[in-house]
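Participant: Each residue of the sequence shown is one higher than the one before, starting from 56 at the first, in my numbering. Backbone N, C-alpha and C define an ideal beta-carbon position, used for all residues, glycine too. All values derive from a computational prediction rather than experimental measurement. Here it is, the structure in full.
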Amino acid sequence: MENYRDEILRVENIVAGYGNMPIVRDISFNLKKGEILGIVGESGCGKSTLIKAVSRINGLNTDILGGKIFFEGQDLTKISNEDKRRLLGNDISMIFQNPEASLNHSRKIGIQFTETIRSHRDMSKEEIRCRIGEIFESIGLTDVDRILNSYPFELSGGMAQRVAIALAMVLKPKLILADEPTSALDTTIQKQVIDELLALREKFNTTMVVITHNIGVVSKLANYTGVMYGGRLVEYGETEKVLKEPIHPYTKALLGAVPKLGGELPVGLAGRPPKFHELKDGCAFCKRCAYAKEECECFDNKVTQVESNHRVICLREA
Ligand SMILES: Nc1ncnc2c1ncn2[C@@H]1O[C@H](COP(=O)(O)OP(=O)(O)OP(=O)(O)O)[C@@H](O)[C@H]1O
Ligand code: SF4
Ligand SMILES: [Mg+2]
Numbered sequence: 056m057e058n059y060r061d062e063i064l065r066v067e068n069i070v071a072g073y074g075n076m077p078i079v080r081d082i083s084f085n086l087k088k089g090e091i092l093g094i095v096g097e098s099g100c101g102k103s104t105l106i107k108a109v110s111r112i113n114g115l116n117t118d119i120l121g122g123k124i125f126f127e128g129q130d131l132t133k134i135s136n137e138d139k140r141r142l143l144g145n146d147i148s149m150i151f152q153n154p155e156a157s158l159n160h161s162r163k164i165g166i167q168f169t170e171t172i173r174s175h176r177d178m179s180k181e182e183i184r185c186r187i188g189e190i191f192e193s194i195g196l197t198d199v200d201r202i203l204n205s206y207p208f209e210l211s212g213g214m215a216q217r218v219a220i221a222l223a224m225v226l227k228p229k230l231i232l233a234d235e236p237t238s239a240l241d242t243t244i245q246k247q248v249i250d251e252l253l254a255l256r257e258k259f260n261t262t263m264v265v266i267t268h269n270i271g272v273v274s275k276l277a278n279y280t281g282v283m284y285g286g287r288l289v290e291y292g293e294t295e296k297v298l299k300e301p302i303h304p305y306t307k308a309l310l311g312a313v314p315k316l317g318g319e320l321p322v323g324l325a326g327r328p329p330k331f332h333e334l335k336d337g338c339a340f341c342k343r344c345a346y347a348k349e350e351c352e353c354f355d356n357k358v359t360q361v362e363s364n365h366r367v368i369c370l371r372e373a
């Protein structure tokens with residue numbers, strides 16, 4: 056288990072956005088082999104912007120305005136296009152909310168797998184078929200030939216999403232970045248996909264960052280949970296701690312708003328997150344916080360470490 060402790064991803068004080076407008080502010084975390092970080096927060100808090108900034112995938116790039124992102128010690132903010140091509144799909148993969156974003160709908164699935172594998176590995180047809188069979192089996196996809204011979208639109212949504220996950224896994228990447236991988240699925244398939252992601256982590260020791268609206272998903276999947284609000288990671292820690300002993304008023308409100316684990320966010324949390332162009336200095340949660348004081352409006356958003364692996368951004372703890 057020595058490998059399990061190896062660091063894969065280190066995000067240091069990342070500021071990222073679009074043009075000169077910062078959305079994600081001063082975000083830091085690091086993950087070792089086999090660790091899964093779940094990121095929750097309401098719509099528009101900057102979750103996708105963060106994952107796009109980390110992925111550095113062409114065409115999805117947000118502008119990185121500050122900070123550093125290290126993948127196995129290599130700074131992704133300074134990486135050449137050639138190194139980027141080498142890493143993406145091979146060492147780092149992405150899964151999106153809808154299979155349409157991950158799969159090419161005008162090409163048969165078998166061809167997409169072959170192209171992905173051939174762009175990074177010199178493998179024979181037989182070896183490729185064997186690799187696909189192995190990945191399909193590990194996530195419970197049977198009927199391999201029929202699937203490979205189909206177009207994505209010929210499969211059900213749940214099946215297509217599992218195929219998209221298999222495609223993201225086929226080169227056994229070290230890091231998977233998943234943006235709401237289960238949100239478009241019905242509850243039964245959601246549970247299956249989570250079990251499959253966990254099985255893949257078990258088998259290949261894959262590190263993952265998983266964005267979700269669903270607290271049940273993080274509680275089942277993630278070692279660490281990050282809660283985003285107004286582009287900041289307002290609470291971060293071991294999932295058990297964050298969900299059972301939340302400290303930040305926003306986390307408490309989110310959890311209070313969820314009737315039971317497995318419920319969708321947010322239910323019953325009044326108001327909405329601020330638009331980024333409306334954000335002023337101070338705590339972004341001020342207008343909705345039950346504990347807000349005047350000083351919160353000029354709070355400098357400094358991070359308070361409450362325990363070795365648990366931190367928050369809130370004046371009450373500063
Ligand atoms: N391509 C873009 N250009 C400019 N602004 C953008 C772009 N994409 C997102 N934004 C802005 O960034 C902010 C954060 O959006 P983001 O998609 O990161 O949020 P999110 O937390 O993923 O929300 P959701 O849960 O709805 O997916 C939003 O205010 C949005 O308007
Ligand atoms: S800083 Fe103030 S307004 Fe913000 S979450 Fe903490 S108590 Fe609430
Ligand atoms: Mg999003």
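I'd like to know whether the C-beta atoms of I94 and I368 end up nearer to each other than 8 Å.
Facilitator: Along the sequence shown, read from residue 1 onward, the residue named residue 94 stands at position 39. Along the sequence shown, read from residue 1 onward, the residue named residue 368 stands at position 313. Cβ atoms of I94 and I368: not closer than 8 Å.
Participant: Answer yes or no: do A71 and I119 have a C-beta to C-beta separation smaller than 8 Å?
Facilitator: In the sequence shown, residue 71 corresponds to position 16, counting from 1. In the sequence shown, residue 119 corresponds to position 64, counting from 1. The answer is yes: Cβ separation under 8 Å.
Participant: Within 10 Å of its beta-carbon, does C185 have 16 or more other beta-carbons around it, so buried, or fewer, so exposed?
Facilitator: Stepping through the sequence shown from its first residue, residue 185 is reached at position 130. The residue is exposed, with fewer than 16 neighbouring Cβ atoms inside 10 Å.
Participant: Which same chain residues end up closer than 7 Å to E352 when comparing Cβ atoms and leaving out the 5 residues on each side of it in sequence?
Facilitator: Along the sequence shown, read from residue 1 onward, the residue named residue 352 stands at position 297. Result list for E352: G337 and C341, in chain order.
Participant: Return helix, strand or coil for C369, following the three-state DSSP convention.
Facilitator: Residue mapping note: residue 369 aligns to position 314 of the sequence shown, counting from 1. In the structure shown, C369 sits in coil (DSSP, three-state: anything other than H, G, I, E or B).
Participant: Taking only runs that begin and end inside the region 195-234, name each unbroken beta strand (DSSP E) of 3 or more residues, in chain order.
Facilitator: 230-234
Participant: Which residues in the same chain as T294 place their Cβ atom closer than 8 Å to its Cβ, once the five residues preceding and following it in sequence are excluded?
Facilitator: To locate residue 294, count along the sequence shown from 1; it is residue 239. Here the set comprises G93, V273, S274, A277, N278, Y279 and T280.
Participant: Use the C-beta contact count for D234: other C-beta atoms within 10 angstroms, 16 or more gives buried, fewer gives exposed.
Facilitator: Here residue 234 refers to the residue found at position 179 of the sequence shown. By the neighbour-count criterion, in which 16 or more other beta carbons inside 10 Å mark a residue as buried, D234 falls on the buried side.
Participant: Have a look at the DSSP bridge pairing and note the partners of E293.
Facilitator: On the sequence shown, residue 293 is found 238 positions in, with the first residue counted as 1. Answer by DSSP bridge pairing, in chain order: Y279.
Participant: Could you tell me if the beta carbon of K229 falls within a distance shorter than 7 Å of some heavy atom in ligand 3?
Facilitator: Here residue 229 corresponds to residue number 174 of the sequence shown, with the count starting at 1. No, the Cβ of K229 stays beyond 7 Å of every heavy atom of ligand 3.
Participant: Rounding to the nearest angstrom, what Cα-Cα distance links A308 and P328 in this structure?
Facilitator: For the purposes of this step, residue 308 is taken as residue 253 along the sequence shown, with counting starting at 1. For the purposes of this step, residue 328 is taken as residue 273 along the sequence shown, with counting starting at 1. Answer to the nearest angstrom: the Cα atoms are 13 Å apart.
Participant: DSSP beta-bridge partners for K123?
Facilitator: One-based indexing of the sequence shown puts residue 123 at position 68. The partner list for K123 (beta bridge, DSSP) reads E67.
Participant: So V361 and E372 are supposed to be a Cβ contact under 8 Å. How far apart are they, rounded?
Facilitator: Taking the sequence shown and counting its residues from 1, one reaches residue 361 at position 306. Taking the sequence shown and counting its residues from 1, one reaches residue 372 at position 317. Sure, about 6 Å apart at Cβ, within 8 Å.
Participant: Along the beta strand (DSSP E) that carries R80, what are the first and last residues, could you check?
Facilitator: Taking the sequence shown and counting its residues from 1, the one referred to as residue 80 is at position 25. Its beta strand (DSSP E) spans residues M76 to K87.
Participant: Should T237 and V248 be called a contact, given that it needs their Cβ atoms to be closer than 8 Å?
Facilitator: For the purposes of this step, residue 237 is identified with residue 182 of the sequence shown, where counting begins at 1. For the purposes of this step, residue 248 is identified with residue 193 of the sequence shown, where counting begins at 1. Yes, these two residues count as a Cβ contact at 8 Å.
Participant: Short of 6 Å in beta carbon distance, which residues of its chain neighbour R65, apart from the five on each side in sequence? Order them along the chain.
Facilitator: Taking the first residue of the sequence shown as position 1, residue 65 is located at position 10. Same-chain partners within the cutoff: N85 and F125.
Participant: What I want to know is whether the C-beta of K246 ends up closer than 7 Å to one or more non-hydrogen atoms of ligand 1.
Facilitator: Position 191 of the sequence shown, counted from the first residue, corresponds to residue 246. Not under cutoff, so the answer is no.
Participant: May I ask you to report which of helix, strand or coil DSSP gives G93?
Facilitator: Locating residue 93 in the sequence shown gives position 38, where the first residue counts as 1. Reduced to three states, the DSSP call for G93 is strand.
Participant: Would you call the CB atoms of G165 and N116 closer than 8 Å?
Facilitator: Locating residue 165 in the sequence shown gives position 110, where the first residue counts as 1. Locating residue 116 in the sequence shown gives position 61, where the first residue counts as 1. In this structure, the beta-carbon distance from G165 to N116 does not fall below 8 Å.
Participant: From A339 to E333, what distance separates their C-alpha atoms?
Facilitator: In the sequence shown, residue 339 corresponds to position 284, counting from 1. In the sequence shown, residue 333 corresponds to position 278, counting from 1. Approximately 10 Å, taken between the alpha carbons.
Participant: According to DSSP, which residues form a beta bridge with D118?
Facilitator: Your numbering for residue 118 matches position 63 in the sequence shown. DSSP, once it has assigned bridges, lists G72 as partnering D118.
Participant: Counting beta carbon pairs with one atom in the region 181-201 and one in the region 126-135, are three or more of them shorter than 8 Å?
Facilitator: Because the criterion of three Cβ pairs below 8 Å is not met, the region 126-135 and the region 181-201 do not touch.
Participant: Mark K330 as exposed unless 16 or more other C-beta atoms lie within 10 angstroms of its C-beta, in which case mark it buried.
Facilitator: On the sequence shown, position 275 is the one that residue 330 refers to. With fewer than 16 other Cβ atoms within 10 Å, it is exposed.
Participant: From L316 to D241, what does the alpha carbon distance come to, in whole angstroms?
Facilitator: Counting from 1 along the sequence shown, the entry for residue 316 is found at position 261. Counting from 1 along the sequence shown, the entry for residue 241 is found at position 186. The pLDDT assigned to L316 is 43, lower than 50, so where the model puts this residue is not dependable, and the model offers no usable value.
Participant: Could you tell me if the beta carbon of I63 falls within a distance shorter than 7 Å of some heavy atom in ligand 1?
Facilitator: Here the question's residue 63 lines up with position 8 in the sequence shown. Not so, every heavy atom of ligand 1 lies at least 7 Å from the Cβ.
Participant: Using 7 Å as the cut-off, classify the Cβ of K335 as near or not near the heavy atoms of ligand 3, replying yes or no.
Facilitator: Numbered from its first residue, the sequence shown carries residue 335 at position 280. No, Cβ of K335 sits at least 7 Å from all heavy atoms of ligand 3.
Participant: Please report the residue range of the beta strand (DSSP E) in which S148 lies.
Facilitator: Mapped onto the sequence shown, residue 148 falls at position 93. Element bounds for S148: I147 to I150.
Participant: Taking M224 as the reference, which of E90, L143, Y73 and K87 has the closest Cα?
Facilitator: Position 169 of the sequence shown, counting from 1, holds the residue named residue 224. Of E90, L143, Y73 and K87, the residue nearest in Cα terms is L143.
Participant: Quick one: is N68 buried, meaning 16 or more other Cβ sit within 10 Å of its Cβ, or exposed?
Facilitator: The count along the sequence shown starts at 1 and reaches residue 68 at position 13. Taking a 10 Å sphere around the C-beta of N68, we find fewer than 16 other C-beta atoms and assign the residue as exposed.
Participant: On the three-state DSSP scale, how would you describe L316?
Facilitator: Translated into positions along the sequence shown, residue 316 becomes position 261. Only weak support is given to the placement of L316: the predicted model assigns it a pLDDT of 43, under 50, and the value that follows is read from those uncertain coordinates. The answer is coil: DSSP assigns L316 none of H, G, I, E or B.
Participant: For my contact list, I150 and R256 are in at a C-beta cut-off of 8 Å; report their separation, rounded to the angstrom.
Facilitator: As a working mapping, residue 150 is identified with position 95 in the sequence shown. As a working mapping, residue 256 is identified with position 201 in the sequence shown. Not really, about 13 Å apart at Cβ, beyond 8 Å.
Participant: Taking DSSP as the reference, what is the three-state secondary structure of Y284?
Facilitator: Locating residue 284 in the sequence shown gives position 229, where the first residue counts as 1. Note: Y284 maps to strand in three-state DSSP.
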